[in-house]
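Student: Using our numbering, the first residue of the sequence shown is number 17, and each one after it goes up by one.
C-beta: ideal position from N, C-alpha, C; glycine also.
All figures in this text were calculated on a predicted structure; none of them were measured in a lab.
Sharing a structure with you now.
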Amino acid sequence: MGLLPAPRTIFAGQTGFALDAVLEPARMVGGDFYDCFMVDEDRLFLVVGDVSGKGLPASLFMALSKSLLKSIALRGPGDPGSLLRLANAEICRDNAESFFVTAFAGLLDVRSGALAFCNAGHEPPIACRPGSVPERVEHSGGPPLCVLEGFEYPSGHRVLAAGEWLCVLTDGVTEAMNAAGEFYGAARLHAVLKPLSSAAPDAVIAAVRADVRKFTGTTEQSDDLTLLCVRWNGAAASGR
């Protein structure tokens, strides 16, 4: 997975936020991806996506989608909805296999904790404030990319509290199966996250991975599993 960034390394000097991410590929090459980078001094861009299908064609389409999203984000659309609209137009032009891409994209102002985001048919992320309970971040952003050309994706907005984390995941988590054919599911995910309201992103990810492994046991992983967790540390911690 050499195309993926190493958040602990690239954000090692950041004090305003902490971020960790992991992608566990299934045996067959899949289409999950994530990316995270600063678009300027104060704004962090993050995206988690999932391309339909498996195998080499899906993997190549994933790499194309990830590259286009980064290029568009760095060109500076002011909000994730506009970014996904532009990405949708670009990706639709080169899609002979009729793939589609679910994606959650966000722009976090690391000074204020203001998060603008857009969900294109993706698994809803989960947010949790210190001392609170996890909640799904619902947003009727729109369909996956490459489903409707010209769709106007709206952005959602949320202001993170100091210490609040946001966990973005793919359906490889909630749809992980055990030997009985049962899904891991959202309820079990919320249960494992409930005592972690003040945890660091790496601890949140480690807990989910461990619980998914416990649930699936020796059952072969059938889909990529991706988690990205970011915690805003508060205005004082940013030093700005």
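Quick check: the segment 220-227 against the segment 23-33, are at least 3 beta-carbon pairs closer than 8 Å?
Tutor: No: the two stretches stay apart, fewer than three of their Cβ pairs being nearer than 8 Å.
Student: Helix, strand or coil: which one does DSSP assign to Val228?
Tutor: As a position in the sequence shown, residue 228 is number 212, starting the count at 1. Here Val228 sits in helix by DSSP.
Student: Ends of the alpha helix (DSSP H) at Ala79?
Tutor: The sequence position of residue 79 within the sequence shown is 63, counting from 1. Counting along the chain, the alpha helix (DSSP H) containing Ala79 begins and ends at Leu72 to Arg91.
Student: Return yes when the C-beta of Gly92 is under 8 Å from any heavy atom of the ligand NAP, and no when it is not.
Tutor: Absence of the ligand NAP from the depicted structure is noted, as is the absence of any ligand whatsoever, leaving it without description.
Student: Under a Cβ-count criterion, where at least 16 other Cβ atoms within 10 Å of its own Cβ denotes burial, should Asp56 be classed as buried or exposed?
Tutor: Here residue 56 refers to the residue found at position 40 of the sequence shown. Exposed, because fewer than 16 other Cβ atoms sit within 10 Å of the Cβ of Asp56.
Student: Measuring straight from C-alpha to C-alpha, what distance separates Leu84 and Ser214?
Tutor: Along the sequence shown, read from residue 1 onward, the residue named residue 84 stands at position 68. Along the sequence shown, read from residue 1 onward, the residue named residue 214 stands at position 198. Distance between the alpha carbons of Leu84 and Ser214 is about 35 Å.
Student: With H, G and I counted as helix, E and B as strand and the rest as coil, what does DSSP make of Met17?
Tutor: Residue 17 sits at position 1 when you count from the first residue of the sequence shown. Low per-residue confidence applies at Met17: pLDDT is 48, beneath 50, and the placement is therefore not dependable enough to give any value.
Student: Under the rule that 16 or more other beta-carbon atoms within 10 Å means buried, what is Thr186, buried or exposed?
Tutor: What you label residue 186 is simply residue 170 of the sequence shown in a count that begins at 1. Its Cβ being crowded by 16 or more others within 10 Å, Thr186 is buried.
Student: Please report the residue range of the beta strand (DSSP E) in which Thr31 lies.
Tutor: Translated into the one-based positions of the sequence shown, residue 31 becomes position 15. Segment: none, Thr31 is in no beta strand (DSSP E) and carries neither H nor E.
Student: Helix, strand or coil for Thr186 per DSSP?
Tutor: As a first step, residue 186 is located in the sequence shown; it is residue number 170 there, counting from the start. Coil.
Student: Checking the sheet assignment: what are the DSSP bridge partners for Thr242?
Tutor: Taking the first residue of the sequence shown as position 1, residue 242 is located at position 226. BP columns for Thr242 point to Leu39.
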